[in-house]
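Participant: Mind having a look at this structure? Questions to follow.
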Amino acid sequence: MRLFFTEIKKIRHRYIWLVYGAVFMVISLWIGWSMSRMDSYEITGQEYFYLLISLSLMNSIFLPITLACAASRLCDIELKGNTFKLLCTMQPRHSIYHIKLFLNSLYLLAFSLAETTLIPLLGHYFKVSQPLPTLHIYIFFFTTYVVSLVLYILQQSLSLVSGNQLFPLFLGVGGTFIGIFSAFFPSQAFFFRLLPWDYYLIGCPINMYYESATREVTYYEIPFPKVAFLGFLLFGIFIYFFGKNIFMKKEV
Numbered sequence: 045m046r047l048f049f050t051e052i053k054k055i056r057h058r059y060i061w062l063v064y065g066a067v068f069m070v071i072s073l074w075i076g077w078s079m080s081r082m083d084s085y086e087i088t089g090q091e092y093f094y095l096l097i098s099l100s101l102m103n104s105i106f107l108p109i110t111l112a113c114a115a116s117r118l119c120d121i122e123l124k125g126n127t128f129k130l131l132c133t134m135q136p137r138h139s140i141y142h143i144k145l146f147l148n149s150l151y152l153l154a155f156s157l158a159e160t161t162l163i164p165l166l167g168h169y170f171k172v173s174q175p176l177p178t179l180h181i182y183i184f185f186f187t188t189y190v191v192s193l194v195l196y197i198l199q200q201s202l203s204l205v206s207g208n209q210l211f212p213l214f215l216g217v218g219g220t221f222i223g224i225f226s227a228f229f230p231s232q233a234f235f236f237r238l239l240p241w242d243y244y245l246i247g248c249p250i251n252m253y254y255e256s257a258t259r260e261v262t263y264y265e266i267p268f269p270k271v272a273f274l275g276f277l278l279f280g281i282f283i284y285f286f287g288k289n290i291f292m293k294k295e296v
């Protein structure tokens, strides 16, 4: 706990909470505006399905660069001050990696809970007719938190071993572009499942079908891709051990 509170003191002026808070506000305002502008007949009886797939899409767009910024702000204190050698004389090297990961996992937990809570709140505000799909909302929370945590592990590992923070940030920007273009491809595509940034949409329990002739959108339930997500979790475990091992061997 001593190391945890020390880390909190180090980042008290980094305002990482503000990064996540700003993104949450943008997403909330965007989804609220889109719900208010949409004609009721377009999504009557499918309002929660619309919210779930829209939030998943916005997560795939906003969160990759957000996670890259959070990792950079958490890690560049020691990198700028070149204090890793000093820190390693006072605490185990692996604790540096783990404390930063644990701290950001709390930010992600708060963000995921806030975003999940937003769904029933918007449903109540707009007086939607669809029954609350509790199971789908639980899946959304699980997907948002787990995918964000794995992507953050990737970003933190890169930030800790990179002398320049531009490369991890560029990777986050690339993930954002992948999130934008992933909406144009079916989630069942094999290539789609090779990109970790796409798992916000892959793990979404809702899909949509657009009928170009009538310009109607139909939202429908899909089974959770257990095999694909298991592979994603194994990828996350591999990145964790690989990134930590590289950091442990880094010359300071």
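Under the numbering used here, think of the first position of the sequence shown as 45, with each following residue one higher.
C-beta atoms are modelled at their ideal positions from N, C-alpha and C, and glycine is treated no differently.
When you compare only the Cα positions, how much space is there between V190 and L277?
Facilitator: Here residue 190 refers to the residue found at position 146 when the sequence shown is read from its first residue. Here residue 277 refers to the residue found at position 233 when the sequence shown is read from its first residue. When rounded, the distance between both Cα atoms is 8 Å.
Participant: By DSSP's criteria, G254 is part of a beta bridge. Which residues make up the other side?
Facilitator: Locating residue 254 in the sequence shown gives position 210, counting from the first residue. Contrary to the premise, residue 254 reads as Tyr rather than Gly in this sequence. DSSP lists V261 as partners of Y254.
Participant: Locate the alpha helix (DSSP H) running through P267, then write down its first and last residues.
Facilitator: In the sequence shown, counting from the first residue as 1, residue 267 sits at position 223. Unbroken run through P267: none, as it is neither H nor E.
Participant: Between which two residues does the alpha helix (DSSP H) containing R137 stretch?
Facilitator: In the sequence shown, counting from the first residue as 1, residue 137 sits at position 93. First-last of the alpha helix (DSSP H) with R137: R137 to Y169.
Participant: If you follow the alpha helix (DSSP H) that W241 is part of, which residue opens it and which one closes it?
Facilitator: Within the sequence shown, numbered from 1, the residue matching residue 241 stands at position 197. It is not in any alpha helix (DSSP H) - W241 carries neither H nor E in the DSSP assignment.
Participant: Ignore the nearest five residues each way along the sequence and tell me which others in L111's own chain have a CB closer than 6 Å to its CB.
Facilitator: Within the sequence shown, numbered from 1, the residue matching residue 111 stands at position 67. Excluding positions up to five away in sequence, the list reads L195, Y196 and Q199.
Participant: Determine whether the beta carbon atoms of V172 and E260 lie at a separation below 7 Å.
Facilitator: The sequence position of residue 172 within the sequence shown is 128, counting from 1. The sequence position of residue 260 within the sequence shown is 216, counting from 1. In this structure, E260 does not lie closer than 7 Å to V172 by Cβ.
Participant: Please tell me whether I183 and P249 are closer than 7 Å, where the distance is taken between their beta carbons.
Facilitator: On the sequence shown, residue 183 is found 139 positions in, with the first residue counted as 1. On the sequence shown, residue 249 is found 205 positions in, with the first residue counted as 1. Contact: yes.
Participant: According to DSSP, simplified to helix, strand and coil, what is R58?
Facilitator: Along the sequence shown, read from residue 1 onward, the residue named residue 58 stands at position 14. Under the three-state reduction of DSSP output, R58 falls in the coil class, being neither helix nor strand.
Participant: For the alpha helix (DSSP H) containing I173, list its first residue and its last residue.
Facilitator: The residue you call residue 173 lines up with position 129 of the sequence shown. The question names Ile, yet the displayed sequence has Ser at residue 173. S173 -> no alpha helix (DSSP H), and no H or E assigned at all.
Participant: With a threshold of 7 Å between beta-carbons, can S98 be considered close to chain B, or not?
Facilitator: No chain B appears in the structure shown, which is made up of a single protein chain.
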